[in-house]
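Q:
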Amino acid sequence: MAFNINRFQKKYKEVVAENAELKARVDGWAVTKAAEIGAAVLAAVTPLRNQASGLKHELADRERRSIAHDVVRGQLVAKVDELEYQAAAHRAVIAGLEKRHLDLEAELAATQPAIAAAEQKAQDAIDLLKRHEESMSAKRRAELAALENRKLLAAAVPSPRRG
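Residues in the sequence shown are numbered from 712 upward in steps of one, following the numbering used here.
1) Cα-Cα, which of K724, Y723, V737 and L766 is closest to R814?
2) Which runs of the alpha helix (DSSP H) fall wholly inside the region 834-860 and span at least 4 residues, in chain order?
3) Spatial neighbours of A763 within its chain, please: CB distance less than 8 Å, with the 5 preceding and 5 following residues excluded, ordered by chain position.
4) Compute the Euclidean distance between the alpha carbons of R842 and R802, then round it to the nearest angstrom.
5) Distance, Cα to Cα, V752 vs I805?
6) Which of helix, strand or coil does DSSP assign to G874?
7) Taking the Cβ atom as the reference point for each residue, do L759 and L770 lie within a distance shorter than 7 Å?
8) Nearest to L733 by CA position, among N761, L766 and E818, is which residue?
Here's what the structure looks like:
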């Protein structure tokens, strides 16, 4: 079965297009995730800050009025601690997402040399096949010329049967 260089080139182009599409998808995903992380951080931290600020003001008001001072203060401190714990948990999640993002970028960067090497190997194979086809074409032309020469020679020399 003869090797079809056009089919090989088509497959090569498909692989290159697929690689470009995957890179675009990963880049798009990274941008989307970065925007989502930023929005999540802002959405998570702003209410917590506002809530903590409100709790501190409420604590100051309660201290001034001396209404169940010790009980209220303990409750508010506990709530602030809980909110700080939640904020720390959110920061840990965000750090994990950022690390995953960096890991994906590193993975993408690590695949680039392999992609380039594969593209170079494919191009080398295409070049080799083209040279092979050219040499086979030259060889075939030489065979056809020799066959034509034999026909001409046979036509010029009388056959013993023809007399």
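Heads up, the beta-carbon is just placed ideally off N, CA and C, and yes, glycines get one too. Here the structure is a predicted model, which means the values were calculated and not measured.
A: Per the coordinate set shown:
1) Here the question's residue 814 lines up with position 103 in the sequence shown. Sequence check: residue 814 is Asp here, not Arg. Minimum Cα distance to D814 is reached at V737.
2) Counting only runs of 4+ residues, no alpha helix (DSSP H) is found wholly inside the region 834-860.
3) Here residue 763 refers to the residue found at position 52 of the sequence shown. Correct list, in chain order: V791, L794 and E795.
4) Working through the sequence shown from its first residue, we reach residue 842 at position 131. Working through the sequence shown from its first residue, we reach residue 802 at position 91. Each residue's CA atom was taken as its position, placing R842 and R802 some 60 Å apart.
5) Residue mapping note: residue 752 aligns to position 41 of the sequence shown, counting from 1. Residue mapping note: residue 805 aligns to position 94 of the sequence shown, counting from 1. Within the model, the alpha-carbon separation for V752 versus I805 is close to 7 Å.
6) For this step, residue 874 is matched to residue 163 along the sequence shown. With a pLDDT of only 47 at G874, under the threshold of 50, the placement of this residue in the model should not be trusted; the figure read from the coordinates follows. Coil.
7) Residue mapping note: residue 759 aligns to position 48 of the sequence shown, counting from 1. Residue mapping note: residue 770 aligns to position 59 of the sequence shown, counting from 1. Between L759 and L770, the CB-CB gap reaches or exceeds 7 Å.
8) The residue you call residue 733 lines up with position 22 of the sequence shown. Nearest option by C-alpha distance: E818.
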